[in-house]
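Residue numbers (the working numbering): -4 to 90.
Spelled out as structure tokens, the structure:
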């Protein structure tokens, strides 16, 4: 049974030669590789952090809305942990 999820990903754009759109697309491909069916991608934009986190002063926020099996979040989290472009990730199930 597929469930609908929302994932907020903060991308680290410092020191990379790729454009923001390339980074957003790369994360989308990783989600799809784990079995997620993407419905929508919303780029919220760059925002400053309240304090420097791991030598970063801000990041590019992207909201991914997708469908997947019940165990997909664990798979996605472990995969995105290995991606240096992903600074923070948060997922929640939609009603």
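Ideal Cβ placement from N, Cα and C applies to all residues, glycine included.
Would you call residue 104 buried or exposed, if buried means 16 or more other Cβ atoms sit within 10 Å of its Cβ? Since the first residue shown for the chain is -4 and the last is 90, residue 104 is missing from the structure and cannot be characterised.
Among the candidates 58, 69 and 6, whose CA atom is the shortest distance from the CA of residue 34? 58
Keeping to the same chain, check which residues put their C-beta closer than 6 Å to that of residue 19; ignore five residues upstream and five downstream. 57
CA-to-CA distance, residue 23 to residue 61, given in whole angstroms: 10 Å
Since residue 64 and residue 40 are thought to touch, with beta carbons under 8 Å apart, how far apart are those beta carbons, to the nearest angstrom? Between residue 40 and residue 64 the Cβ distance is about 31 Å, and since that is not below 8 Å, they are no contact.
Pairwise C-alpha distance: residue 45 and residue 12: 26 Å
Is DSSP giving residue 74 helix, strand or coil here? helix
Secondary structure of residue 79, DSSP reduced to three states: coil
Residues bridged to residue 37 by DSSP? 58
Can you check which of these residues, 51, 54, 4 and 53, is closest to residue 36 by C-alpha distance? 4
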